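Undergrad: For what it's worth, the working numbering labels the leading residue of the sequence shown as 3, then goes sequentially.
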Amino acid sequence: MSKTYIPARLRQEVATDAQFRCGYCHTTQHISGQLLVIDHLIPEACGGLTVRENLWLACRLCNEFKGTRTEAIDPLTNDSVPLFNPRTQSWEVHFTWSEDGTEIIGLTAIGRATVEALKMNNDVIVAARSLWVQAGLHPPVD
3 MSKTYIPARL RQEVATDAQF RCGYCHTTQH ISGQLLVIDH LIPEACGGLT
53 VRENLWLACR LCNEFKGTRT EAIDPLTNDS VPLFNPRTQS WEVHFTWSED
103 GTEIIGLTAI GRATVEALKM NNDVIVAARS LWVQAGLHPP VD
């Protein structure tokens with residue numbers, strides 16, 4: 003949670019930039035049943051500023067698992083790599099959906115490390131995605 007007050011107008015700009023979905027797992031606000039939160043891409047604890055260029059939307063799970071991290075370990079190479087930055091990087095370059103649309107597959111070191119660090123395929127969210135797929139609401143279409 004941000005230590006700094008974020009004005010309503012800035013929150014709205016960030017939400018619009020993010021198309022009202024989590025920058026990491028792409029869960030949309032309207033199907034999650036929860037308001038998405040503002041994520042500092044570079045956490046405040048690491049000197050990140052509360053400016054539009056450093057803010058994005060995240061679901062509560064991704065935001066909590068990310069915490070103050072800016073890097074994670076790629077499970078394939080064991081190298082430390084930066085976490086995915088939804089403001090400056092393309093989701094489709096780093097991730098794809100499993101054939102059934104319930105799991106996120108990391109395509110690059112950044113993608114794999116982010117999937118692991120943010121636990122983007124935890125049992126709770128995969129079960130929810132399965133229901134969303136059955137309802138025709140998931141995966142999101144760009």
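Ideal Cβ placement from N, Cα and C applies to all residues, glycine included.
All figures in this text were calculated on a predicted structure; none of them were measured in a lab.
Helix, strand or coil, according to DSSP, for residue 146 in the structure here?
TA: Because the chain is modelled from 3 through 144, residue 146 falls outside the range shown and cannot be assessed.
Undergrad: Please specify which runs of the alpha helix (DSSP H), each continuous and at least 4 residues long, are wholly inside the region 15-81, giving them in chain order.
TA: Counting whole runs of 4 or more residues, the region 15-81 contains the alpha helix (DSSP H) stretches 31-34, 62-68.
Undergrad: Residue 127 lies in the alpha helix (DSSP H); which residues open and close that run?
TA: 125-136 is the span of the alpha helix (DSSP H), which, as asked, contains residue 127.
Undergrad: Secondary structure at residue 112, three-state DSSP: helix, strand or coil?
TA: Looking at residue 112 - three-state DSSP - the assignment turns out to be helix.
Undergrad: Which same chain residues, not among the five before or five after residue 84, have their C-beta less than 7 Å away from its C-beta?
TA: For residue 84, where only same-chain residues beyond five positions count, the Cβ hits under 7 Å are 72, 73, 112.
Undergrad: How big is the Cα-Cα spacing for residue 116 and residue 107?
TA: About 10 Å.
Undergrad: Any idea if residue 143 is buried or exposed, counting beta-carbon neighbours within 10 angstroms, 16 or more meaning buried?
TA: Under this definition residue 143 is an exposed residue.
Undergrad: Since residue 41 and residue 57 should fall inside the 8 Å C-beta cutoff, what is the C-beta to C-beta distance between them, to a whole number of angstroms?
TA: So it is a contact: roughly 7 Å between Cβ atoms.
Undergrad: Considering only C-alpha positions, which residue in the set 15, 66, 134 is nearest to residue 122?
TA: Closest by alpha carbon: 66.
Undergrad: Over what stretch of residues does the alpha helix (DSSP H) that includes residue 143 continue unbroken?
TA: Residue 143 -> no alpha helix (DSSP H), and no H or E assigned at all.
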